[in-house]
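For the sequence shown, this note's numbering begins at 1 and goes up steadily by one.
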Amino acid sequence: MKNLRSIEEVSNEEIYTILKRAGEFEEGAPSQLEKDYLVANLFFEPSTRTKTSFETAERKVGATVIPFEAGFSSTLKGETLYDTVKTLEMIGMDAVVIRHKTDAYYDELLEGINVAVINAGDGAGQHPSQCLLDLFTIFKEFGKFEGVNVTIVGDVSHSRVAKSDAEALTRLGANVRILCPSEWQGDFENTYQDWEELLETSDVVMLLRVQHERDAAFEGFTKEGYHEQFGLTVERERRMKKDAIIMHPAPINRGVEIDSSLVECERSRIFNQVRNGVFIRMAIVESILKERKG
Ligand code: NCD
Numbered sequence: 001m002k003n004l005r006s007i008e009e010v011s012n013e014e015i016y017t018i019l020k021r022a023g024e025f026e027e028g029a030p031s032q033l034e035k036d037y038l039v040a041n042l043f044f045e046p047s048t049r050t051k052t053s054f055e056t057a058e059r060k061v062g063a064t065v066i067p068f069e070a071g072f073s074s075t076l077k078g079e080t081l082y083d084t085v086k087t088l089e090m091i092g093m094d095a096v097v098i099r100h101k102t103d104a105y106y107d108e109l110l111e112g113i114n115v116a117v118i119n120a121g122d123g124a125g126q127h128p129s130q131c132l133l134d135l136f137t138i139f140k141e142f143g144k145f146e147g148v149n150v151t152i153v154g155d156v157s158h159s160r161v162a163k164s165d166a167e168a169l170t171r172l173g174a175n176v177r178i179l180c181p182s183e184w185q186g187d188f189e190n191t192y193q194d195w196e197e198l199l200e201t202s203d204v205v206m207l208l209r210v211q212h213e214r215d216a217a218f219e220g221f222t223k224e225g226y227h228e229q230f231g232l233t234v235e236r237e238r239r240m241k242k243d244a245i246i247m248h249p250a251p252i253n254r255g256v257e258i259d260s261s262l263v264e265c266e267r268s269r270i271f272n273q274v275r276n277g278v279f280i281r282m283a284i285v286e287s288i289l290k291e292r293k294g
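Next up, the structure:
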């Protein structure tokens, strides 16, 4: 891979290669990088997990992380994203990891930019590294994607995680079902509005945060009302299949999309996803930097 912009650009074969390499890193395999590469992380939107996870992964594969604070950069003086990225390229970066509120911000970087671009989330567009760590989590659990019933619940219209995950999971043979208020179905078709047909047949229940910062609202929305209708309540968790798992990309709004007591319950993989993210990002960063040798 030369860049990682959208999961749609990553073939099934490349996905399996990344999952395998992440598994090797989890087992303690050393990095294959042979020279010192420079990487900067440009986060123009808030992040706890993704930024720290990328930085950790970059250091673990032996890259040098050059600090960049989006909130104190010349963006505040009106510099365009293109000019910021070109500047970092000229200073000597090999790769930049970018999170930005604009959907497909990377389109303006397709021409004229030679530094590798890794997308850490574009608006309501794509989130390929989260998708790969979600795939890793599911694959470790079930050893396959074919026939696995994955129910994605919540604000899918504004969720870049839902878009990346639904595309990749479907392509890999999983059955993706979407449960959401009809106001939030966006471009998804054949969505469900209640749990009835879904709960007891789900192998994976993937909950999503309501994306208030992207103007997510539906008529009559209250936290309690949402939890009652679409949230994973204690009662619903009891009705889940024996080996079914719970996932959530986080940050979590406890008591809204999931009852607080379920966040670390036995079938929850929410914090495992965070841990898996480091191995996946090591595999992504190593793969992209290896392509830059020479
Ligand atoms: C997600 C994101 O930023 O899209 N978070 C993450 O990267 N783990 C989900 C979210 O913010 O709700």
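Don't be surprised by glycine CBs; every beta carbon is placed ideally from N, CA and C.
Remember, predicted model here, so these are calculated numbers, not experimental data.
If the five residues before and after residue 286 are omitted, its C-beta is found closer than 8 Å to the C-beta atoms of 21, 31, 32, 33 and 61, all from its own chain and listed in chain order.
For residue 84, the three-state secondary structure derived from DSSP is helix. Residue 145 is classed as buried because its beta carbon has at least 16 other beta carbons within 10 Å across all chains shown.
Residue 43: member of the beta strand (DSSP E) spanning 38-43, first to last residue. The shortest CA-to-CA distance from residue 138 to any of 195, 252, 248 and 35 is the one to 248. In this chain, residue 169 is not harboured by any beta strand (DSSP E); it is covered by the alpha helix (DSSP H) spanning 160-171. With distances taken between CA atoms, residue 92 lies nearest to 39 out of 39, 76 and 69. Distances between the C-beta of residue 212 and the heavy atoms of the ligand NCD are all 7 Å or more. Taking C-beta separations shorter than 7 Å and ignoring five residues to either side along the sequence, the partners of residue 7 in its chain run 126, 128, 131, 164, 167 and 168, following chain order. For residue 185, same chain residues with a beta-carbon under 8 Å away, outside a window of 5 residues either side, are 156, 157, 178 and 191 in chain order. Distances from the CA of residue 26 to each of 279, 283 and 289 were compared; the closest alpha carbon is that of 279. With 16 or more other CB atoms across the displayed protein chains lying within 10 angstroms of its CB, residue 181 is buried. Taking 8 Å as the upper bound for CB-CB distance, residue 234 and residue 259 are in contact here, some 5 Å apart.
Residue environment analysis places residue 282 among the buried positions, since at least 16 neighbouring C-beta atoms fall within 10 angstroms of its C-beta. Annotated as distal: residue 171 and residue 200, with beta-carbon spacing of 8 Å or more. The C-beta distance from residue 70 to residue 44 rounds to 5 Å, short enough to fall under 8 Å. Shortest gap from the CB of residue 49 to any heavy atom of the ligand NCD: under 7 Å. Taking 7 Å as the cut-off, one finds at least one heavy atom of the ligand NCD near enough to the beta carbon of residue 250. Under the DSSP assignment, residue 116 falls outside any alpha helix (DSSP H), being part of the beta strand (DSSP E) whose first and last residues are 116-122. The C-beta distance from residue 98 to residue 119 rounds to 6 Å, short enough to fall under 8 Å. When Cβ pairs closer than 8 Å are counted between the two stretches, the segment 99-115 is seen to touch the segment 77-84, the count reaching three or more.
By the Cβ neighbour-count rule, residue 143 is exposed, with fewer than 16 other Cβ atoms within 10 Å of its own. Judged by the Cβ position, residue 121 qualifies as a neighbour of the ligand NCD at the 7 Å threshold, a heavy atom of the ligand being closer than this. Residue 57 holds the alpha-carbon nearest to the alpha-carbon of residue 28 among 52, 57 and 46. Contact between residue 116 and residue 2 is confirmed by a C-beta separation of about 6 Å, below the 8 Å threshold.
Taking the CA atoms as reference points, residue 253 sits about 30 Å from residue 23. For residue 98, the enclosing beta strand (DSSP E) begins and ends at 95-100. Spatial neighbours of residue 232 in its own chain (CB-CB distance under 8 Å, excluding positions within 5 residues in sequence) are listed in chain order as 153, 205, 207, 246, 257, 258, 259 and 262.
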